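*Asks:* The opening residue of the sequence shown carries number 0 in numbering that gives the first Met the number 0; numbering runs sequentially from there.
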Amino acid sequence: MEMTGQSFSRYFVATLLLQMITPSSEQFTVNGIEGPILAPLGGKVELSCQLSPPQTAEHMEIRWFRNHYKRPVHLYKDGKDLYGETISNYVERTELLTDAIGEGKVTLRIFSVNADDDGTYHCFFKDGDFYEEAITEVKVTATSLETQILVHPPNTKGLLVECNSGGWFPQPQMEWRDSREEIIPPSSKSHSQDTDKLFNMKMTLLIQSTHGNVTCYLRNPVTGQEEKISIVLSNKPFLWNTVWKLILGLILALPLTFTMASSIALHHRLQRAQIRGARSSLQSPLCLRACTGYCLPVTRHTGCSCNALPPWLVGILIFLTSFSMIVSLIFYLHYRKRGMWDQKDENFVKIISKCSVSGKTLSQRKVTMLFI
């Protein structure tokens, strides 16, 4: 019996010494979830961590925090939750699930996820002077529920198409594509963030010739969720643009052509008058001054008829007539386009909307098309 007691004492001392010299890092480690956790906006997300080797954590301090240790998202200490220590952004939005705390596993549940919840979280266990932690990354995601297409009336520059989509997180990829899925450089692209830090996207495209169909393409870089809104255009606006540009060019060229012709005719007329005047002994500048605006000699013929209008006056009249025709044509085309767009001609433009992930269609999205 004495030998047995000595053996037990030696074993106890050896075990105690072994615990004292064993590095503290081997007491336990904390394992978190590998890879980012996707958290849908407005929903809930659960973050779990586990002690290894498994052991009870009821007596430990368990702290979840973001960037600052002293600003916990949730704090468990002395066997209870200390909600008074929680930072304001997470008050009444967190819950610690301790069903498996006897095995060293806890789960933090966050409700009403918002954009500010995006980022890293530290799961911190402390037992006396020893502590370990694991880091988990959360990625908040949101996809727009409504995409708006605005088609402006055609003008001399072309047809302006505008794509608007709001409520994204994080900022989505946004681009125009043609019928061959090739990227079309946008005329402009911009974004803004609302009070909830959600992204509102805007992109425009000036179409100067028909592309068959033009697609506004958006993609969430985290989830891979896509939205494609295609607009199928006819040649109608582009044909009218060509026709009225041609008419306008011809009308503008008419005064210039007549002015040049009048100048040439006047030049030859003056030359002939000078030649006739050189042979005449009678000088009377009044008649040609009235007809041409210049003081030139007149022939000996009796009488002086001047029935034609001066070329400069004819040029002014033609210019004013042409200008009136141009203004009338512009007003006609302007109001014709307005009427055409007010009727919302279904043969002119069609919209196809898809929402998909990795090429698989998920659901139809609400698409609004406005005619300005």
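No residue lacks a Cβ here, since even glycine has one placed at the ideal position from N, Cα and C.
From a predicted model like this one, the values you see are computed outputs, not experimental measurements.
(1) Roughly how many angstroms lie between the CA atoms of L149 and G165, to the nearest whole one?
(2) At the 9 angstroms Cβ level, is P39 part of the contact set with chain B, yes or no?
(3) In angstroms with no decimal places, state the Cα-to-Cα distance between H58 and E94.
(4) How far does the beta strand (DSSP E) with E102 in it extend, from its first residue to its last?
(5) Cβ atoms of C122 and C48: under 9 angstroms apart, would you say?
(6) So, are the CB atoms of A141 and G41 less than 9 angstroms apart?
(7) Taking the C-alpha atoms as reference points, what is the distance between I86 and D116?
(8) What's the gap between the Cα of E136 and the Cα of R62?
(9) Relative to the alpha-carbon of T97, which residue among G34, F129, H73, F168 has its alpha-carbon at the smallest distance?
(10) Which runs of the alpha helix (DSSP H) at least 4 residues long sit entirely within the segment 82-133? Give them in chain order.
(11) Evaluate contact between the segment 172-187 and the segment 202-212, counting only Cβ atoms and requiring at least three cross-stretch pairs below 8 angstroms.
(12) List the residues that DSSP assigns as beta-bridge partners of A38.
(13) Return the first residue and the last residue of the beta strand (DSSP E) that G166 is part of.
(14) Looking at the strands, I want to know which residues DSSP matches up with H73.
(15) My understanding is that H401 touches Q170, with C-beta atoms under 8 angstroms, so please give their C-beta distance in whole angstroms.
(16) Provide the residue span of the beta strand (DSSP E) that contains S189, from first to last.
(17) For W175, which of N163, W167, A56 has the nearest alpha-carbon?
(18) In terms of residue numbering, what span does the beta strand (DSSP E) encompassing R218 cover?
(19) Give me the Cα-Cα distance between Y26 and E102, rounded to the nearest whole angstrom.
(20) I believe I206 touches V160 by the beta-carbon criterion, under 8 angstroms. Please report the beta-carbon distance rounded to the nearest angstrom.
*Replies:* From the atom records:
(1) Answer to the nearest angstrom: the Cα atoms are 14 angstroms apart.
(2) In the structure shown, chain B cannot be found, because there is only a single protein chain.
(3) C-alpha separation (whole angstroms): 18 angstroms.
(4) Secondary structure note for E102: it is in no beta strand (DSSP E), with a DSSP letter that is neither H nor E.
(5) Their beta carbons are under 9 angstroms apart, which means C48 touches C122 by this criterion.
(6) Yes, these two residues count as a Cβ contact at 9 angstroms.
(7) Their Cα atoms are separated by approximately 13 angstroms.
(8) Each residue's Cα considered, the two are about 16 angstroms apart.
(9) When each option's Cα is compared against that of T97, the closest is H73.
(10) Annotation note: the segment 82-133 contains no uninterrupted alpha helix (DSSP H) run of length 4 or greater.
(11) They touch, by the three-pair rule.
(12) According to the DSSP secondary-structure assignment, A38 is paired through a beta bridge with V139.
(13) From DSSP, the beta strand (DSSP E) with G166 extends over 158-167.
(14) Its beta-bridge partners are W63.
(15) Since the first residue shown for the chain is 0 and the last is 371, residue 401 is missing from the structure and cannot be characterised.
(16) Here the beta strand (DSSP E) through S189 covers 187-192.
(17) Closest by alpha carbon: N163.
(18) Where R218 is concerned, the enclosing beta strand (DSSP E) starts and stops at 212-218.
(19) What sits at residue 26 in the sequence shown is Gln, not Tyr. Taking the straight line from one Cα to the other gives about 14 angstroms.
(20) Cβ-Cβ separation between I206 and V160: approximately 6 angstroms, consistent with a contact (criterion under 8 angstroms).
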